[in-house]
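Undergrad: Pasting in a structure now, in structure tokens, and then I'll have a few things to ask.
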Amino acid sequence: MSPLELLLQQLINAVSIGSLYALMAIGLAMVFGILRLINFAHGDLIMVGSYVALLAQLLGLPFVAAAAAGVAASTVAGLAMERVAYRPLRGAHEIAMLLTSFSVTIFLENLAIILFRPTSRPFPAPAVLRSVIEMGRLRVAGLDLIAIAVAAVLLLALTLFVRRTNIGIAMRAASQDLLAARLVGINVNRVIATAFAIGSLMAGVVGLLWSARVGKVDPLMGFNPVLKAFVASVIGGLGSLPGAVIGAYVLGGLEILLQGLLPAGLTAYRDAFVFAVLIALLLFRPNGILGASEREKI
Amino acid sequence: MAMKPAEEGQPRLLARLAGPVVLLALLAVLLAGAALFAGDYIQRIVIVIGINVILVVSLNLSNGFTGVFSLGHVGFMAIGAYTAALLTLPVSLKAVNLPNLPGWLGRLVLSFLPATLIGGLLAMAVAFLVGLSLMRLKGAYISVATLGFLVIVQVILINWDQVTRGARTFAGVPPHSTIWNVWIWAALSVYLVWRLGSSAFGRAMRAGRDNEIAALSLGISVIRSRLLAFCLSAFLTGVAGSLWAHFITSFSPKSFYFVQTFNVITMLVIGGLGSVSGSVIGVFLITVFSELLRNAERGFDLGALHVPPIYGASQILMAIMFVLVIVFRPAGIMGGRELDLRALLRRLARQGRKKEAE
Amino acid sequence: MKTRLAIVLVAALALLAVGCAGKGGNVIKLGMLYNMTGSQASLDTPSANGAKLAAKEINAAAGVLGKKIQLVAYDGKSDAATIGNSATQLVQTDKVVVMFGFSDTDMVMAAAPIAAKAGIVFVTSGATSPKLPDQVPDYLYLACFGDNVQAAAGAEYAFDTLKAGNVYLLIDKGMEYTLLLGRYFKERFTQLGGKVLLEDNYQTGDKDFSAQITKLKGLRAKPDLLYIASGPDDVGTIVKQFRDAGLKEPIMGGDGYDTPLLVQVAGAGAENVYFTTHSLMDSNLGTEAVKKFIAAYQAEYKTPPENAFAGLGYDTVKLLADAIKRAGSTDAKAIREALQATKDLAGVTGTISYQQGSRIPQKGVTVILVKDGKFTLAQEVVPRVVPAP
Chain U
1 MSPLELLLQQ
11 LINAVSIGSL
21 YALMAIGLAM
31 VFGILRLINF
41 AHGDLIMVGS
51 YVALLAQLLG
61 LPFVAAAAAG
71 VAASTVAGLA
81 MERVAYRPLR
91 GAHEIAMLLT
101 SFSVTIFLEN
111 LAIILFRPTS
121 RPFPAPAVLR
131 SVIEMGRLRV
141 AGLDLIAIAV
151 AAVLLLALTL
161 FVRRTNIGIA
171 MRAASQDLLA
181 ARLVGINVNR
191 VIATAFAIGS
201 LMAGVVGLLW
211 SARVGKVDPL
221 MGFNPVLKAF
231 VASVIGGLGS
241 LPGAVIGAYV
251 LGGLEILLQG
261 LLPAGLTAYR
271 DAFVFAVLIA
281 LLLFRPNGIL
291 GASEREKI
Chain X
1 MAMKPAEEGQ
11 PRLLARLAGP
21 VVLLALLAVL
31 LAGAALFAGD
41 YIQRIVIVIG
51 INVILVVSLN
61 LSNGFTGVFS
71 LGHVGFMAIG
81 AYTAALLTLP
91 VSLKAVNLPN
101 LPGWLGRLVL
111 SFLPATLIGG
121 LLAMAVAFLV
131 GLSLMRLKGA
141 YISVATLGFL
151 VIVQVILINW
161 DQVTRGARTF
171 AGVPPHSTIW
181 NVWIWAALSV
191 YLVWRLGSSA
201 FGRAMRAGRD
211 NEIAALSLGI
221 SVIRSRLLAF
231 CLSAFLTGVA
241 GSLWAHFITS
251 FSPKSFYFVQ
261 TFNVITMLVI
271 GGLGSVSGSV
281 IGVFLITVFS
291 ELLRNAERGF
301 DLGALHVPPI
311 YGASQILMAI
321 MFVLVIVFRP
331 AGIMGGRELD
341 LRALLRRLAR
351 QGRKKEAE
Chain Y
1 MKTRLAIVLV
11 AALALLAVGC
21 AGKGGNVIKL
31 GMLYNMTGSQ
41 ASLDTPSANG
51 AKLAAKEINA
61 AAGVLGKKIQ
71 LVAYDGKSDA
81 ATIGNSATQL
91 VQTDKVVVMF
101 GFSDTDMVMA
111 AAPIAAKAGI
121 VFVTSGATSP
131 KLPDQVPDYL
141 YLACFGDNVQ
151 AAAGAEYAFD
161 TLKAGNVYLL
171 IDKGMEYTLL
181 LGRYFKERFT
191 QLGGKVLLED
201 NYQTGDKDFS
211 AQITKLKGLR
221 AKPDLLYIAS
231 GPDDVGTIVK
241 QFRDAGLKEP
251 IMGGDGYDTP
261 LLVQVAGAGA
271 ENVYFTTHSL
281 MDSNLGTEAV
291 KKFIAAYQAE
301 YKTPPENAFA
311 GLGYDTVKLL
321 ADAIKRAGST
331 DAKAIREALQ
341 ATKDLAGVTG
351 TISYQQGSRI
361 PQKGVTVILV
371 KDGKFTLAQE
381 VVPRVVPAP
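One line per chain: the protein sequences are U, X and Y, in this order.
For the first sequence, the residue numbers in this note's numbering are 1 to 298.
For the second sequence, the residue numbers in this note's numbering are 1 to 358.
For the third sequence, the residue numbers in this note's numbering are 1 to 389.
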């Protein structure tokens, strides 16, 4: 492969992975923006959606119906999470909410381990998601293209949503200043629920794409993605939606770049380098790339 | 402020010492009992409780008192564990398992206490360097950055195989940890953090946690207090790592990653952030409770009723309990306050007197 | 609140005492330690099932020395502290005469020293590291072959039979098992005269291999075979992604590939994949012993054995029962000597013999080829030269 083809191939890899991270990071960013809550259990929404889709297929449903079921399940799970675990803690200290999300994660993961056994299970995906398209000497997985396309569509839809619809604007207001939003009569409960619903829906979609890419599901599958989404959000600036997207693509690119370019002896240190870059970034821009320096209220 | 006359001062000092001395005596008696009469199994649990106490109490120093919610402290535990183990491993084992160690390290063998101290000090040094950059960050960003630190430590452990054996098991660590030396460290840690917490420095830390700008306006150097707390807690965590290494005698980088992090945070939360006595109580409850559940989940017979083994049930129940505590008692068992023994005794005495009067 | 706390504590301690009391009776107790939950469960659960099946068969026959054997089981939860506590309970409370279990070095090392200190043997059914017996002198035995043996068998098969002169090597850096496997393979393969064109690595649990694949495709000379040292959880994903990228060369690995996940996850990509393992669990192509085992396992658990580890658990219990019988008593020292003297004990996963002074059995290696989505027998190999541990 010529260096140009190599570069292009790696670029496609990076954009594809970045798209998945972006969808996940957006869900995290939306919730953080309004509630200042880092929802670790977001990763488990990926797991829930994937398992439901798997079960639906095992029950005989065609893939599209199963996928819809999976996404619906994620959304419902996210709403339930908000109602049961997070609403009682509204207004609590940031740390308490972080810990709650930890506990929800532990609970969901262990529940899945008991229900579905700790081993991985294969995830059947239709041929279109496993296809490979050849362009010259480049091989692009159909899945990568679909992931990029789906991410683009969803992000566009979300942008229109927060700009044009009432509730979208209400979400942005709540994200800027929750108290003021309440004061102008915004139904904060509904706004928060919507944020969770959208984020969880995206998580469900990511679950499908991720499972198809990896080929299997397991109870702990959500942990790594949520960590990446977390890092992506932080890189871009917590709470900022465009920041989350940018951070995600930066992260995806950084990972692929380091894996490809580091000399063989050092590729194993890739994750360490990624985090080192993250820490370095935070030193110069403590609020991430796009994060606005928060003005503290005295 | 009027100077208190000397005669009033002395009984006050004795009264203050009485509490801790009584507690220590009680602890010593319990430990002696366990060491002499309990079997290996119970002794193991007592040691585990002791090490967990150090871990949670030191984490409380950073997370609870200063609000720096470090998710990467287990990285310091790893540093302490590997450093101390490398220093106590007999030369023959080093030659076999770690043939590529630099010559001086391959020949050096230290006894338990110096090795543990060096482990803790090295962890503290790393914490200082890391903390210099991280303490300026706020809230969630500090948590992510410390998480990054944990990942970096893990990656280095897995890849620096000349020194750490990489992903392979680091075995053959001499079993130096006993009930006594573990609990001496535990008592020391509790005392240290307690004293720090109730001192002026402790108040400064909490001020910085509760309202950074107000604290700054009072002249409190928030960053310096955070850094100090961070380094001190790293030292104690490193010591705990060494104690753990010499208890479990074989470990690998996986032992110091997310599972251990969750465990420590669970105990911290249940005990309550910002409460030292809460930490101790939380550790005790969780360790005992989870051991009970573990034994129960193997299945048991209650008379005619036979309950079959349900492996994994204990993890679920612990998770449920965690959720319940967070939702209904988010400040933990002690609610962020310290256990006031004197007040407790007074209350019990009052109840007793009430009963007498009836 | 405080009184409630006190009550809970008292009840707790009471339960602890009760939980610790062992059952007496006229049985021979074997301590069984497996990870029924956690990351190791996919290998350990079938092993435990195999072991329980063996115990059931033995008890249905005459038992051992006129008594029934009882498997005292603990879940290690893939956690070293839990394993240590469980091993201590087995020794102290349950007073077992032997201990066995686990398919991973870290897990074994958390338990075996405790058994050794009590003078009890620990036999691992599935941990294949040949370095293990040296870590716990005199008391730690393997019931399976060592990784140096299976890597050498793989190297010889690749070089001699598949005529592979150049290989690509991909190693999981996060596991001792894969690190050693890869190392032994490289040593034997280069010893035979083969060449490693590129050696790359990944971390356990990595989900994306596009970077490694791209690096491989960037090679000017193409390898004849891809040797990928991977654990059971990642192998399906790796094979799938490599095949999807258009790499058609034969892929080879170790017993980590012995999992239904390989074919389930990689699908058609699993064609032309070879791996070395303990035995072929196929009711048509296996030996007589294998066929009987599969039938019995199916009858008991309503599913065929998931992988060869089921057979390993089964063989381990039979091995221990045989040793106890020959020892003529439940004295720990006698059992150990009888175990060391085991010769030509036929099992589902091969024939077990311990040479003088060695606690790793001389067992043959089964090379399996995935064809038409099924595991088929490629060859039984006994390596000529085995790299030193």
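The beta-carbon is built from N, C-alpha and C at its ideal position, and this holds for glycine as well.
Return the residue from the list X:Ile42, X:Pro253, X:Ser199 that minimises the CA-CA distance to Y:Val91.
TA: X:Ile42
Undergrad: On the criterion of 16 or more Cβ atoms from any shown chain inside 10 Å, does X:Phe328 qualify as buried, or is it exposed?
TA: The residue is exposed, with fewer than 16 neighbouring Cβ atoms inside 10 Å.
Undergrad: Should Y:Asn85 be flagged as near chain X, meaning a C-beta pair shorter than 7 Å?
TA: yes
Undergrad: Could you compute how far the alpha carbon of X:Lys354 sits from the alpha carbon of X:Ala25?
TA: 30 Å
Undergrad: Hey, out of X:Ala319, X:Ala125, X:His176, X:Val307, whose CA is closest to X:Trp244's CA?
TA: X:His176
Undergrad: Can you give me the C-alpha to C-alpha distance between U:Ser74 and U:Leu251, rounded to a whole angstrom?
TA: 25 Å
Undergrad: Along the alpha helix (DSSP H) that carries Y:Ala378, what are the first and last residues, could you check?
TA: It is not in any alpha helix (DSSP H) - Y:Ala378 instead sits in the beta strand (DSSP E) that spans 374-381.
Undergrad: Are the beta-carbon atoms belonging to Y:Ile228 and Y:Ile213 less than 7 Å from one another?
TA: The criterion of a C-beta distance shorter than 7 Å is not satisfied by Y:Ile228 and Y:Ile213.
Undergrad: Spatial neighbours of Y:Leu53 within its chain, please: CB distance less than 7 Å, with the 5 preceding and 5 following residues excluded, ordered by chain position.
TA: Closer than 7 Å at Cβ, skipping near neighbours: Ala296, Tyr297, Glu300, Tyr314.
Undergrad: What residue from Y:Gly218, Y:Gly347, Y:Asn307, Y:Ser329 has the CA that sits closest to U:Trp4's CA?
TA: For the sequence presented, residue 4 of chain U should be read as Leu rather than Trp. Looking at the Cα atoms, Y:Gly218 is the closest of the given residues.
Undergrad: Taking Cβ-Cβ distances below 7 Å as the criterion, which residues of the stretch 81-104 of chain X are in contact with chain Y?
TA: none
Undergrad: Interface residues of chain U around Y:Leu261 at Cβ under 7 Å?
TA: Taking a Cβ-Cβ threshold of 7 Å, the residues of chain U close to Y:Leu261 are Ser120, Pro122, Lys216, in chain order.
Undergrad: DSSP state of Y:Tyr354, grouped into three classes?
TA: coil
Undergrad: When the cut-off is 7 Å and only beta carbons count, does U:Gln9 lie next to chain Y?
TA: yes
Undergrad: Express the C-alpha separation of X:Leu55 and U:Ala53 in angstroms, rounding to a whole number.
TA: Within the model, the alpha-carbon separation for U:Ala53 versus X:Leu55 is close to 41 Å.
Undergrad: Could you name the residues of chain X that U:Ser103 contacts, counting a contact when the two beta carbons are closer than 7 Å?
TA: Ala319, Phe322, Val323, Ile326
Undergrad: Measure the alpha-carbon distance for U:Ala248 versus U:Ala229 and round it to whole angstroms.
TA: Across the structure, U:Ala248 and U:Ala229 are spaced so that their CA atoms are roughly 7 Å apart.
Undergrad: How should X:Val37 be labelled, buried or exposed, when 16 other C-beta atoms within 10 angstroms of its C-beta is the threshold for buried?
TA: Looking at the sequence itself, residue 37 of chain X is Phe, so the reference to Val does not match. When all chains shown are included, X:Phe37 counts as exposed.
Undergrad: Any Cβ of chain Y within less than 7 Å of the Cβ of X:Ala204?
TA: no
Undergrad: Can you tell which of Y:Thr349, Y:Gly246, Y:Gly328, Y:Gly253 has the C-alpha that lies nearest to the C-alpha of Y:Glu288?
TA: Y:Thr349
Undergrad: To the nearest angstrom, how far is the alpha carbon of Y:Val273 from that of Y:Pro232?
TA: If you take the alpha carbons of Y:Val273 and Y:Pro232, they lie about 14 Å apart.
Undergrad: Tell me the rounded alpha-carbon separation between U:Leu20 and U:Phe223.
TA: 14 Å
Undergrad: Give the straight-line distance between the Cα atoms of X:Ile158 and X:Ala140, rounded to the nearest whole angstrom.
TA: 27 Å
Undergrad: Can you name the residues of chain Y whose CB is closer than 7 Å to the CB of X:Phe262?
TA: Neighbours of X:Phe262 on chain Y: none; closest Cβ ~11 Å, over 7 Å.
Undergrad: Can you tell me where the alpha helix (DSSP H) with Y:Asn201 in it begins and where it stops?
TA: Membership of Y:Asn201 in any alpha helix (DSSP H) is not indicated; the residue belongs instead to the beta strand (DSSP E) covering 195-202.
Undergrad: When you compare the CB of X:Ser221 with every CB in chain U, is at least one pair closer than 7 Å?
TA: no
Undergrad: Taking U:Ile38 as the query, report the chain X residues whose CB atoms sit under 8 Å from its CB, ordered along the chain.
TA: Ala140, Ser143
Undergrad: Of all the CB atoms in chain Y, is at least one closer than 7 Å to the CB of U:Val132?
TA: yes
Undergrad: Roughly how many whole angstroms lie between the Cα atoms of X:Gly64 and X:Leu71?
TA: 12 Å
Undergrad: Give the residues of chain X in contact with U:Asn189, contact being defined as C-beta atoms less than 7 Å apart.
TA: Correct list: empty, because the minimum Cβ distance to chain X is about 18 Å.
Undergrad: Beta carbon of X:Val182, beta carbon of X:Ile51: below 7 Å?
TA: yes
Undergrad: Which residues does DSSP pair with U:Pro122 in a beta bridge?
TA: U:Lys216
Undergrad: With a CB to CB cut of under 8 Å and the five nearest residues on each side skipped, what residues in its chain are close to X:Leu110?
TA: Leu87, Thr88, Ile118
Undergrad: On the CB-based measure, 16 or more other CB atoms within 10 Å of its CB, does X:Leu364 come out buried or exposed?
TA: For residue 364 of chain X there is no data in the structure shown, the boundaries of chain X being 1 and 358.
Undergrad: I'd like the list of long-range same chain contacts for Y:Gln379, defined as Cβ closer than 6 Å, with 5 residues on each side in sequence excluded.
TA: Val367
Undergrad: Starting from U:Ile146, follow its DSSP beta bridges and name the residues at the other end.
TA: According to DSSP, which records beta bridges pairwise, U:Ile146 is partnered with nothing at all.
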